[in-house]
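Novice: Per my numbering, numbering through the sequence shown is continuous, rising by one, with the last residue being 388.
Glycine included, each C-beta is placed from N, C-alpha and C at the ideal position.
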Amino acid sequence: MKVDSSNALQILLLIGGISILPAILFTVTGFTRILIVLSFVRSAIGTQSSPPNQALIGIALFLTLFVMAPTISAIKKDAWDPYSKHAISTTQAISRAEEPLRQFMFAQTRTQDLSLFVSLAHLKTQPQTRAQIPTYVLIPAFIMSELKTAFEIGFLIFIPFLLIDLIVSSTLMSMGMIMLPPSFISLPFKILLFVLVDGWDLITTSLVKSFH
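1. For isoleucine 251, I'd like the list of residues in its chain whose CB is within less than 7 Å of its CB, leaving aside the five on either flank, ordered along the chain.
2. Determine, using beta-carbon pairs with one atom in the region 248–263 and one in the region 360–368, whether at least three such pairs fall under 8 Å.
3. Kindly give me the distance between the Cβ atoms of leucine 211 and leucine 241, rounded to whole angstroms, as I take these residues to be in contact under 8 Å.
4. Would you mind stating whether leucine 315 and threonine 203 have Cβ atoms separated by less than 9 Å?
5. If distances are taken between C-alpha atoms only, which option among Val344, Val213, Phe238 comes closest to leucine 201?
6. Would you call the region 293–303 and the region 254–269 touching, i.e. three or more CB-CB distances under 8 Å?
7. Classify isoleucine 374 as helix, strand or coil using the three-state DSSP reduction.
8. How far does the alpha helix (DSSP H) with valine 217 in it reach, from first residue to last?
9. Could you have a look at serine 225 and say whether DSSP puts it in helix, strand or coil?
10. I need the boundaries of the alpha helix (DSSP H) containing lysine 324, first residue and last residue.
11. Does DSSP classify isoleucine 264 as helix, strand or coil?
12. Which word fits isoleucine 379, buried or exposed, when buried means at least 16 other C-beta atoms lie within 10 angstroms of its C-beta?
13. Report yes if the CB atom of phenylalanine 387 is closer than 9 Å to the CB atom of alanine 283, and no otherwise.
14. Does DSSP put proline 357 in a helix, in a strand, or in coil?
15. If you count every other CB in all the chains shown that lies within 10 Å of the CB of valine 373, and 16 or more means buried, which is it?
16. Below 8 Å, how does it come out for the region 219–235 and the region 345–352: are there three or more Cβ pairs, yes or no?
17. What is the DSSP secondary structure of isoleucine 235, counted as helix, strand or coil?
18. Along the chain, where does the alpha helix (DSSP H) that runs through alanine 250 open and close?
19. Decide if lysine 385 is buried, meaning its Cβ has at least 16 other Cβ atoms within 10 Å, or exposed.
20. Looking at C-alpha atoms only, which residue of Gly206, Gln224, Ile329 is the closest neighbour of isoleucine 248?
21. In chain order, what residues of the same chain have a beta carbon less than 7 Å from the beta carbon of aspartate 289, not counting five sequence neighbours either side?
22. Count the other CB atoms within 10 Å of the CB of valine 179; is the residue buried (16 or more) or exposed (fewer)?
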């Protein structure tokens, strides 16, 4: 009976862990930044359904795995491998796995966002070092920094495509073609510009470098 109860508890914990995997993916990795930037690219070009959402999510997922590879390797080496060999307990494995993630999040989090959530948390003692900042305070600060960074990159992406829209709109107005939608004319030019400058390579390079 003890063995059966233990197995049932492990299965329950496994199912619970799987159910929160999407939340972990969104909150403690670079997935949010990458997906938002890719969505900005699609909106800036003006193709509302191309690439489709499934393709954007797939691209964002594998770019996230690429960016997070050093962190994942550190978790595997420090936490999973010793735990699979029964060298450490579950609590120790979780603690060791948490540290590489914290280092990644600290590297991407702005100081002002950390200060904001530390003040909102009303901690009994003000943390003097990063190690003293609780993870539940670090995660929302990291998410806020990721949103800010993603929107900054998105703003820079929009500028050249906005210029094309303005030029096309001014040209149509000067020619008296008011009834013709400017977006209908500017869309091919924006796609052409994106292809000529190897847009996907530039976006991917900028995204990956933004994490370093």
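Specialist: In brief:
1. Excluding residues within five positions, the ones whose Cβ falls inside 7 Å are Ala273, Pro276.
2. Touching, no, given that fewer than three Cβ pairs across the two stretches are closer than 8 Å.
3. That pair is no contact at about 13 Å.
4. The question names leucine, yet the displayed sequence has isoleucine at residue 315. Yes, these two residues count as a Cβ contact at 9 Å.
5. Distances from the alpha-carbon of leucine 201 to those of Val344, Val213, Phe238 put Phe238 closest.
6. Taking 8 Å as the limit for Cβ pairs, the verdict is that the region 254–269 does not touch the region 293–303.
7. Sequence inspection shows aspartate at residue 374; the isoleucine mentioned does not correspond to that position. The three-state secondary structure of aspartate 374, taken from DSSP, is coil.
8. It spans 207–221 - the alpha helix (DSSP H) in which valine 217 sits, taken as one unbroken run.
9. In the displayed model, serine 225 falls within coil according to three-state DSSP, outside both helix and strand.
10. Element bounds for lysine 324: 311–350.
11. Here isoleucine 264 sits in coil by DSSP.
12. Answer is buried; the Cβ neighbour count reaches 16.
13. Cβ atoms of phenylalanine 387 and alanine 283: closer than 9 Å.
14. Coil, per DSSP.
15. Exposed is the call here.
16. Counting Cβ pairs under 8 Å, fewer than three are found: no touch.
17. Three-state result, isoleucine 235: helix.
18. Secondary structure note for alanine 250: its alpha helix (DSSP H) is the uninterrupted segment 245–251.
19. Looking at its Cβ environment, which holds fewer than 16 other Cβ atoms inside 10 Å, lysine 385 is exposed.
20. Here the closest residue by C-alpha is Gly206.
21. Its chain contains Ala317, Met320, Ser321 as the residues whose beta carbon lies nearer than 7 Å to that of aspartate 289, once the 5 sequence neighbours on both sides are disregarded; these appear in chain order.
22. Confidence in valine 179 is poor, its pLDDT being 45 and thus under 50, which makes the residue's placement unreliable; the coordinate value appears in the next sentence. Taking all protein chains in view, the Cβ of valine 179 is surrounded by fewer than 16 other Cβ atoms within 10 Å, so the residue is classified as exposed.
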